[in-house]
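Peer 1: Okay, handing you the structure first.
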Amino acid sequence: MSSGGRGEGAAGNKQEQPEAAQRSGATAGTAAGAAAEDVRAEAGQAARLPSLDELYQRYERFNRLYFENLLPRADDVTIEWSRRMTSAAGRCYTKRRIIRLSTHYHEKFPEEVDQTLLHEMIHLLVPNHGPLFHLWLRRIRERGGVVQRYSRERATPAKYRWEYTCRRCGAVRRTQRRLAHGGKYHRCRQCRVGVTEKRLEP
Ligand SMILES: [Zn+2]
Ligand SMILES: [Zn+2]
Numbered sequence: 235m236s237s238g239g240r241g242e243g244a245a246g247n248k249q250e251q252p253e254a255a256q257r258s259g260a261t262a263g264t265a266a267g268a269a270a271e272d273v274r275a276e277a278g279q280a281a282r283l284p285s286l287d288e289l290y291q292r293y294e295r296f297n298r299l300y301f302e303n304l305l306p307r308a309d310d311v312t313i314e315w316s317r318r319m320t321s322a323a324g325r326c327y328t329k330r331r332i333i334r335l336s337t338h339y340h341e342k343f344p345e346e347v348d349q350t351l352l353h354e355m356i357h358l359l360v361p362n363h364g365p366l367f368h369l370w371l372r373r374i375r376e377r378g379g380v381v382q383r384y385s386r387e388r389a390t391p392a393k394y395r396w397e398y399t400c401r402r403c404g405a406v407r408r409t410q411r412r413l414a415h416g417g418k419y420h421r422c423r424q425c426r427v428g429v430t431e432k433r434l435e436p
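Residues in the sequence shown are numbered consecutively from 235, following my numbering.
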């Protein structure tokens with residue numbers, strides 16, 4: 235694969251607005267369109283992160299390598315960097331075919347861009363983390379791909395103390411307060427199976 239152009243555009247292009255990102259929430263509850271524009275405007279500032287072009291190229295390659303081109307063509311999906319996304323590494327809006335990746339998270343863990351992208355790509359086929367999702371995880375790994383069920387941590391640390399993992403599907407729920415009886419009677423929303431409790435390090 236060639237990464238034509240090497241994506242060095244940002245380096246020679248020093249704009250005079252370093253803190254454009256720090257606008258004071260002027261448009262709380264803003265329209266999605268405006269948010270999307272911000273996303274694109276800010277994408278160039280993350281020098282260590284792959285450009286959108288590069289992401290689309292990886293999407294095409296992953297689609298071929300791991301999904302047998304079952305996913306929509308790159309032209310038919312939207313991939314975005316988001317500075318606003320602080321609650322997760324990535325997000326997929328299945329019906330709208332939008333994949334959004336957190337700059338915060340990936341500036342911290344740049345080596346995880348590909349696996350987040352792959353994870354969100356699965357969501358284009360499977361909106362949840364159920365058995366079918368896991369089937370794809372396995373399939374991708376069998377073909378040498380690296381993909382995770384969950385990102386390492388929230389992009390912005392929250393004060394979660396407890397983690398409950400479904401014994402069947404592996405879905406994780408984190409809470410600040412311990413569930414009653416250590417989650418003994420808690421059930422996974424999807425499979426209604428019990429969970430295992432883990433205390434998170436502060
Ligand atoms: Zn997911
Ligand atoms: Zn479950």
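Positions of the beta carbon are idealized from the N, C-alpha and C atoms, including for glycine.
To the nearest angstrom, how far is it from the Cα of Thr350 to the Cα of Gln382?
Peer 2: On the sequence shown, residue 350 is found 116 positions in, with the first residue counted as 1. On the sequence shown, residue 382 is found 148 positions in, with the first residue counted as 1. Going from the Cα of Thr350 to the Cα of Gln382 covers about 8 Å.
Peer 1: Determine the contact status of Val380 and Arg401, defining contact as a CB-CB distance below 8 Å.
Peer 2: Along the sequence shown, read from residue 1 onward, the residue named residue 380 stands at position 146. Along the sequence shown, read from residue 1 onward, the residue named residue 401 stands at position 167. Taking 8 Å as the Cβ cut-off, Val380 and Arg401 do not qualify as a contacting pair.
Peer 1: Would you mind sorting Val347 into buried or exposed? The rule is 16 or more other CB atoms within 10 Å of its CB.
Peer 2: Within the sequence shown, the letter at position 113 stands for residue 347. Counting Cβ neighbours within 10 Å, Val347 comes out buried, since at least 16 surround it.
Peer 1: Can Leu358 and Ile374 be called in contact, C-beta distance under 8 Å?
Peer 2: Numbered from 1 along the sequence shown, position 124 holds the residue referred to as residue 358. Numbered from 1 along the sequence shown, position 140 holds the residue referred to as residue 374. No.
Peer 1: Between which residues of its own chain and Gly416 is the CB-CB distance below 8 Å, once the five residues before and five after are set aside?
Peer 2: The count along the sequence shown starts at 1 and reaches residue 416 at position 182. Same-chain partners within the cutoff: Glu431.
Peer 1: So, do the segment 306-317 and the segment 362-369 have three or more beta carbon pairs nearer to each other than 8 Å?
Peer 2: No: fewer than three Cβ pairs fall under 8 Å.
Peer 1: DSSP on Cys422, reduced to helix/strand/coil?
Peer 2: Within the sequence shown, the letter at position 188 stands for residue 422. It is coil, neither helix nor strand.
Peer 1: On a CA-only basis, which of Arg334, Glu341, Arg423 and Glu435 is nearest Arg395? Give me that one, please.
Peer 2: Locating residue 395 in the sequence shown gives position 161, where the first residue counts as 1. If we check each option's Cα against that of Arg395, Glu435 comes out closest.
Peer 1: Using a 10 Å radius around the Cβ and a threshold of 16 neighbouring Cβ atoms, would you call Gln256 buried or exposed?
Peer 2: Here residue 256 refers to the residue found at position 22 when the sequence shown is read from its first residue. With a pLDDT of 35 at Gln256, under the threshold of 50, the predicted position of this residue should be treated as unreliable, and no value is reported.
Peer 1: What did DSSP end up calling Glu431 once you bin it into helix, strand or coil?
Peer 2: Indexing the sequence shown from 1 puts residue 431 at position 197. Looking at Glu431 - three-state DSSP - the assignment turns out to be strand.
Peer 1: Exposed or buried, what is Ser285 when buried is set at 16 or more other beta-carbons lying within 10 Å of its beta-carbon?
Peer 2: Translated into the one-based positions of the sequence shown, residue 285 becomes position 51. With 16 or more other Cβ atoms within 10 Å, it is buried.
Peer 1: Going straight from the alpha carbon of Asn297 to that of Ala414, what length do you get?
Peer 2: Within the sequence shown, numbered from 1, the residue matching residue 297 stands at position 63. Within the sequence shown, numbered from 1, the residue matching residue 414 stands at position 180. For Asn297 and Ala414, the distance between alpha carbons rounds to 43 Å.
Peer 1: Start and end of the alpha helix (DSSP H) containing Arg325?
Peer 2: The count along the sequence shown starts at 1 and reaches residue 325 at position 91. Run containing Arg325: none in the alpha helix (DSSP H); it sits in the beta strand (DSSP E), Gly324 to Tyr327.
Peer 1: Residues around ligand 2, please: the ones whose beta-carbon is closer than 5 Å to some heavy atom of it, in chain order.
Peer 2: Any residue whose Cβ sits closer than 5 Å to a heavy atom of ligand 2 makes the list: Cys400, Arg402, Cys403, Ala405, Cys422, Gln424 and Cys425.
Peer 1: Pull up the CB-CB distance for Leu289 and Thr337, whole angstroms please, since I reckon it's below 8 Å.
Peer 2: Position 55 of the sequence shown, counting from 1, holds the residue named residue 289. Position 103 of the sequence shown, counting from 1, holds the residue named residue 337. Going by Cβ atoms, the distance from Leu289 to Thr337 rounds to 12 Å, so no, they are not a contact pair.
Peer 1: Which first and last residues belong to the alpha helix (DSSP H) in which Arg298 is found?
Peer 2: Residue mapping note: residue 298 aligns to position 64 of the sequence shown, counting from 1. Counting along the chain, the alpha helix (DSSP H) containing Arg298 begins and ends at Leu286 to Phe301.
Peer 1: Check Arg334 in the structure and name its three-state DSSP category.
Peer 2: Taking the sequence shown and counting its residues from 1, the one referred to as residue 334 is at position 100. In the structure shown, Arg334 sits in a strand (DSSP, three-state: E or B).
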